[in-house]
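Per my numbering, the sequence shown starts with residue 3, numbered consecutively. Where a beta carbon is used, it is the ideal one built from N, C-alpha and C, also for glycine. Reviewing the structure listed below.
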Amino acid sequence: MMKQQGFPEGFLWGGALAANQVEGAWNQDGKGPSVADVVAYKPHLDVKDYAGHMGITLADVHAALAEPASNCYPKRRGIDFYHRYQGDLALFAEMGFKVLRVSIAWSRLFPTGEEQEPNEEGIAFYSNLFSDMQRLKIEPLVTLSHYEMPLALSLNYNGWVDRRVVDHFVRFARVCFERFGGKVKYWLTFNEIDSIHRHPFTTAGIIPEQCTPGKERQEIYQALHHQFVASALATAELRRLVPGAQMGCMLTKLTTYPNTCRPQDVEKTLWKNLENHFYADVQVFGEYPPLILSDLARRGIHIHMQEGDLDTLRQHTVDFVSFSYYMSLTESADDGLEKSAGNTILGVKNPYLPATDWGWQIDPLGLRISLLELYDRYRKPLFIVENGMGARDEVVDGKVHDPYRIDYFRAHIREMRTAVELGVELMGYTSWAPIDLISAGTSQMSKRYGFIYVDQDDEGNGTLARLRKDSFYWYRKVIASNGADLE
Ligand code: BG6
């Protein structure tokens with residue numbers, strides 16, 4: 003076999019967005035409120051306090067709904083992509099994007115999630131978006147559920163805890179395939195399906211007071227099972243309605259190292275990694291890993307499965323494995339070691355790695371390790387659908403010099419290239435995020451990821467003007483050279 007040199011022809015370079023973090027227009031043109039629209043920006047909290055930023059009570063939800071005009075809910079305004087998407091697409095095309103990952107706000111199509119027919123104004127928005135992308139030769143990669151389920155499903159059903167939400171989701175997915183299938187070939191069901199344990203409200207609409215007391219963990223696993231089944235059923239619908247389209251699963255890749263070679267550290271780390279892979283295991287292999295099931299049983303957690311569920315999971319597995327990668331984690335059997343932040347998670351501080359201003363440890367080699375590990379495990383094409391660094395940028399004389407961001411991407415893309423040369427089958431790479439947007443974890447605007455600067459602060463002040471950063475020109479060169487020119 004000839005050794006692959008660099009990236010294969012047709013490699014999909016681009017960027018990734020989520021509707022709730024960019025669109026805004028939260029209550030326009032028939033859109034219903036989503037879970038994202040009631041999550042407040044909390045400037046007084048430590049950025050590592052994810053439970054504080056992303057947790058919710060019923061009182062919080064009602065307070066948010068009572069204040070439709072408040073500017074304390076940044077995901078309601080996003081970066082106004084809803085009205086400015088054509089200008090943003092033109093900038094992505096200028097960088098040479100081959101692919102753009104977006105999500106569809108479920109409540110823009112089904113305002114409460116329970117309607118039988120979609121909101122045509124919502125359909126028109128996405129139809130136009132995908133047509134414009136087609137015209138610019140940017141392939142859409144579409145996530146059906148990215149932290150933005152209709153709020154009504156959370157309040158009326160406690161989100162995914164209730165089995166009936168499966169039918170509502172499959173109806174939504176079916177409409178998306180019927181109406182957009184002609185323009186969209188690549189699909190993902192749930193963004194970071196594993197995140198249900200870290201932020202159950204934004205991922206699955208679960209509000210603690212609506213859970214059976216003492217059964218919160220059990221109900222989260224039940225909700226996860228419903229998502230697995232819904233994902234498999236949606237995959238079946240995609241195959242029926244859009245032949246040739248491809249479905250992927252999407253995992254937060256939390257590659258975890260043992261803090262030392264002490265067997266106790268290694269054993270604890272093994273479980274962390276087994277747990278991290280469990281979600282993709284179900285969607286790729288079509289069955290629950292036996293070790294995970296027996297571990298759950300030991301913890302008194304029993305997932306209720308309806309007749310036929312296991313067949314459904316077995317029959318409709320995914321075509322490719324996508325994942326986000328930002329940082330690696332370190333695990334120790336000792337409690338009380340210094341912790342460092344990660345993507346809505348904390349780990350033991352790794353002394354060998356630098357970190358971003360938000361404490362996420364920068365580990366490019368960890369990306370190569372993750373690619374090798376996932377490809378060896380699944381033998382399916384992989385797709386990196388999120389990778390990037392949140393940083394504070396400064397505009398000086400109308401320019402943003404962001405060498406730290408270029409360094410981050412260069413180092414990660416270099417490792418990705420090595421992994422491809424070692425034989426990993428990789429479909430593409432979408433940076434998170436090509437344009438500054440509202441942070442999922444902290445609802446900040448000042449945690450900037452983009453190659454394009456957006457003039458807006460944490461309180462929503464600013465002109466929303468877009469500005470090309472230095473990294474914009476750098477990424478354009480990377481794409482033009484198909485990843486050969488990283489300097
Ligand atoms: C991923 C999410 O986990 O991380 C994105 O899919 C999110 O929605 C990204 O924005 C970065 O996290 P944060 O909290 O910095 O926005």
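Nearest candidate by alpha-carbon position, reference residue i, set the options
i    : options                   : result
Y75  : F83, Y84, V63 and R86     : V63
K217 : R301, G16 and N484        : R301
N389 : D395, D399, W362 and V41  : W362
W162 : L339, F203, A482 and T465 : F203
G344 : F94, G443, N29 and F83    : G443
L439 : E289, S324, G17 and T237  : G17
F127 : A65, P245, F182 and V37   : F182
P142 : M151, Q30, V24 and V104   : V104
G310 : A234, V167 and K77        : A234
S197 : N278, N130 and D336       : N278
D336 : L253, G349 and P215       : G349
S483 : P45, A66, K100 and A38    : K100
T262 : P353, Y290 and I195       : P353
K139 : L190, E423 and V186       : V186
G54  : P366, T358, A61 and A42   : A42
P405 : L339, Y380, D378 and S473 : S473
Y188 : E25, S445, R379 and V320  : V320
A206 : K401, N160 and E122       : N160
G184 : A20, M135 and R219        : M135
A95  : R470, A486, D487 and L488 : R470
T145 : E417, S324 and A225       : S324
E417 : G368, L312 and L355       : G368
V426 : D378, V402, E122 and M447 : D378
D459 : K77, E11 and P10          : K77
P10  : A236, T332, H403 and L424 : L424
D164 : Q220, P366 and Q118       : Q220
Contact under 8 Å by Cβ, residue i with residue j
i    : j    : result
W108 : S156 : no
S372 : Y259 : no
L276 : I347 : no
V286 : L315 : no
D267 : S342 : no
V168 : V244 : no
M56  : G115 : no
K33  : P113 : yes
W434 : Y451 : yes
I294 : F280 : yes
L240 : F179 : yes
R407 : M97  : no
I305 : H227 : yes
S72  : L153 : no
I364 : Y327 : no
L384 : L374 : no
L93  : R468 : yes
F132 : G485 : no
Y380 : A282 : yes
M252 : E340 : no
F171 : L111 : no
Y223 : L298 : yes
T358 : M307 : no
DSSP beta-bridge partners of residue i
i    : result
G17  : L102 and S433
E141 : V101
E388 : S326
A81  : Residue identity differs from the one stated: residue 81 is Ile in this sequence, not Ala. Paired residue(s): none; I81 is not in a bridge.
F192 : S147
E333 : P260
M252 : S324
S36  : P152
K401 : V398
K341 : V350
Rounded distance between the beta-carbons of residue j and residue i, thought under 8 Å
i    : j    : result
F322 : Q248 : 6 Å
W28  : Y431 : Rounded, the Cβ-Cβ distance is 30 Å, inconsistent with contact.
Q30  : G80  : That pair is no contact at about 12 Å.
R370 : G8   : Contact doesn't hold; Cβ gap of about 15 Å is too wide.
D90  : I481 : Actually they do not touch by this definition, with Cβ atoms about 17 Å apart.
A238 : I106 : Not quite, the Cβ-Cβ distance comes to about 19 Å (not below 8 Å), so this is no contact.
L60  : V40  : With a Cβ gap of about 11 Å, L60 and V40 do not count as contacting.
Interface flag, residue i vs chain C, CB-CB below 8 Å
i    : result
R103 : Of the protein chains in the structure, only one exists, and it is not chain C.
Residue i CB to nearest heavy atom of ligand 3 below 7 Å
i   : result
A21 : The ligand content of the structure shown is limited to ligand 1, which means ligand 3 is not among them.
On the three-pair Cβ rule with 8 Å, is the region 46-60 touching the region 457-472? Output reads no: the region 457-472 does not touch the region 46-60.
Count the CB pairs spanning the region 253-272 and the region 210-225 that are closer than 8 Å, and state whether there are at least three. no
Is it a yes or a no for the region 67-84 touching the region 401-414, going by three-plus beta-carbon pairs under 8 Å? no
Does the region 443-459 come within contact of the region 386-400, defined as at least 3 CB pairs closer than 8 Å? Yes: the two stretches touch, three or more of their Cβ pairs being nearer than 8 Å.
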